[in-house]
Amino acid sequence: MKPETLAIHEPMLRRDGAVAPPIHMTTTFEHGALGTDLPHGFLYGRHGNPNVSDLETRLAALEGGVDAIAFASGMGAASAMLTALKPGARAVFHRDLYFDVKTLARTELAKKNVAVEFVDMRDMVAVHTALTKPAALVWLETPSNPQIDVIDIAAIAEAANKAGAMTAVDGTFATPALQRPLALGADVVMHSATKFMGGHSDVQGGVLVTKAKDLADELRTIRKITGGILSPFSAWLIARGLQTLYCRMDKHCDNAQSLAEFLEAHPAVEKVRYPGLKSNPGHEIAARQMSRPGGIISVEIKGGQAGALAVASGLRIFVNATSLGGVESLVEHRASLEGADTTTPEGLLRLSVGLEHIDDLIADFQQALAAI
3 MKPETLAIHE
13 PMLRRDGAVA
23 PPIHMTTTFE
33 HGALGTDLPH
43 GFLYGRHGNP
53 NVSDLETRLA
63 ALEGGVDAIA
73 FASGMGAASA
83 MLTALKPGAR
93 AVFHRDLYFD
103 VKTLARTELA
113 KKNVAVEFVD
123 MRDMVAVHTA
133 LTKPAALVWL
143 ETPSNPQIDV
153 IDIAAIAEAA
163 NKAGAMTAVD
173 GTFATPALQR
183 PLALGADVVM
193 HSATKFMGGH
203 SDVQGGVLVT
213 KAKDLADELR
223 TIRKITGGIL
233 SPFSAWLIAR
243 GLQTLYCRMD
253 KHCDNAQSLA
263 EFLEAHPAVE
273 KVRYPGLKSN
283 PGHEIAARQM
293 SRPGGIISVE
303 IKGGQAGALA
313 VASGLRIFVN
323 ATSLGGVESL
333 VEHRASLEGA
343 DTTTPEGLLR
353 LSVGLEHIDD
363 LIADFQQALA
373 AI
């Protein structure tokens with residue numbers, strides 16, 4: 003089956019003729035007198051649940067992985083992957099990535115005596131140099147958050163594999179509808195399912211999809227011990243979101259492409275970061291490894307922070323809010339949210355382009371940009 007069909011029909015968790023899957027809200031399941039005798043396949047809500055298993059089966063199929071492990075948030079998924087690193091290991095990260103993951107790497111990994119290095123993974127010379135020293139993990143986002151760097155997954159995975167390191171890709175901005183990192187050589191793909199997968203800004207979740215069953219088993223054990231499993235209702239909502247993911251991503255991409263082209267031509271705009279623009283340094287790589295360039299734009303406004311905040315304040319349809327991937331368009335000044343250690347340009351606004359009519363979105367920016 004094609005991915006659009008798999009997203010709707012795999013694995014068809016249906017009971018009593020119901021077309022829509024039921025929600026299993028129970029925290030415990032009947033087992034045999036022997037505690038390991040599980041006639042229904044489940045023991046306790048923290049270990050697993052039919053709705054969670056349903057979502058995991060769907061995501062593993064969509065990403066082409068051996069197994070998927072769902073968590074209560076994207077950070078829960080990222081934390082589990084980094085927790086799996088052994089003391090004394092070394093991890094190499096791309097220089098631009100979600101700020102909380104960067105903070106986690108810099109602080110919590112140090113407590114485990116895990117060495118951390120940040121490099122610009124658009125520069126393969128820098129990557130090869132970083133991998134001359136032993137490394138257990140190479141972690142990247144593409145497109146990255148919030149500077150929309152596009153990284154060649156196949157090239158990074160090949161270099162990491164030769165160096166004996168795993169490659170993990172945060173594909174949140176792309177989703178499996180646009181990019182499949184495992185098929186390009188990565189070992190693990192991570193998503194914040196809160197974003198495009200859920201698609202309606204009303205559910206939080208995260209997932210890791212792996213090629214290796216032993217790694218999946220280890221990550222599932224970490225989840226069980228630390229208690230980071232997704233709730234049944236959240237799993238049900240995200241699974242429902244997957245059913246419309248592919249058609250929603252088409253509209254997100256259509257709108258983002260048109261808005262990016264408008265912004266690039268506007269005199270009040272310093273720079274537009276969007277892989278769909280031919281002027282973007284990552285355009286060629288994105289065209290090769292993504293089916294479409296996504297629904298996220300980062301735009302730098304002339305005048306630095308003052309200009310960016312003036313535009314963000316003047317927008318009427320775009321909502322000033324964190325997160326992304328919902329049906330509504332959002333705008334966020336990332337540097338002020340990230341604080342003193344930010345590497346994000348002060349004039350940058352991250353745009354999550356929603357499903358509104360594109361004429362309205364362009365008109366909103368026309369009036370906001372005219373005011374500065």
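Start counting at 1 in the sequence shown, then tack on 2, and there's your number in my numbering.
Just so you know, even glycine gets a beta-carbon here, dropped at the ideal spot from N, CA and C.
Short Cβ contact (8 Å threshold) for residue i with residue j
i: G381; j: G173; result: The displayed coordinates of the chain run from 3 to 374. Any statement about residue 381 would go beyond what the structure contains.
i: A70; j: V274; result: no
i: L180; j: R294; result: yes
i: I224; j: T85; result: yes
i: A91; j: V129; result: no
i: F320; j: L332; result: yes
i: Q245; j: I10; result: yes
i: L64; j: P178; result: yes
i: E302; j: E340; result: no
i: H132; j: A93; result: Checking the sequence shown, residue 132 turns out to be Ala, not His. Result no, Cβ atoms of A132 and A93 do not sit closer than 8 Å.
i: V205; j: I240; result: yes
i: F31; j: L8; result: no
i: T29; j: G47; result: yes
i: G284; j: E348; result: no
i: V152; j: A288; result: yes
Bridge-paired residues (DSSP) for residue i
i: Y46; result: T30
i: R92; result: A117
i: N322; result: V333
i: R275; result: S300
i: T169; result: V140
i: L353; result: I299 and V333
i: V191; result: V171 and V211
Residue i versus residue j: straight-line alpha-carbon distance, rounded
i: S81; j: L139; result: 14 Å
i: A270; j: N257; result: 20 Å
i: S146; j: R290; result: 17 Å
i: K88; j: A267; result: 49 Å
i: H335; j: A165; result: 38 Å
i: V329; j: L261; result: 16 Å
i: I25; j: M3; result: 25 Å
i: S300; j: S354; result: 9 Å
i: T59; j: G278; result: 31 Å
i: K114; j: Y276; result: 37 Å
i: S315; j: K226; result: 43 Å
i: D102; j: K213; result: 25 Å
i: Q387; j: V313; result: Because residue 387 is not part of the residues shown, which for the chain are 3 to 374, the question remains open.
i: K215; j: R108; result: 28 Å
i: I364; j: T324; result: 21 Å
i: T105; j: W238; result: 30 Å
i: A308; j: T344; result: 17 Å
i: G230; j: L36; result: 26 Å
i: P183; j: G66; result: 9 Å
i: H202; j: E110; result: 32 Å
i: H33; j: H49; result: 14 Å
Beta-carbon separation (whole angstroms), residue i vs residue j, contact threshold 8 Å
i: F73; j: F95; result: About 20 Å; that fails the 8 Å criterion.
i: V68; j: A218; result: 6 Å
i: L357; j: R250; result: 7 Å
i: L350; j: A337; result: 7 Å
i: F198; j: L247; result: 7 Å
i: D366; j: L317; result: 6 Å
i: R16; j: P23; result: 6 Å
i: G187; j: A159; result: 3 Å
i: T193; j: G76; result: Position check: residue 193 holds His in this sequence, whereas Thr was assumed. Their Cβ separation, rounded to whole angstroms, is 7 Å, which keeps H193 and G76 in contact under 8 Å.
Secondary structure of residue i, DSSP reduced to three states
i: E58; result: helix
i: A117; result: strand
i: G306; result: helix
i: F73; result: strand
i: A262; result: helix
i: T196; result: coil
i: G208; result: strand
i: L232; result: coil
i: R290; result: helix
i: R182; result: coil
i: R242; result: helix
i: H359; result: coil
i: M126; result: helix
i: D343; result: coil
i: D102; result: helix
i: L36; result: coil
i: M3; result: coil
i: Q368; result: helix
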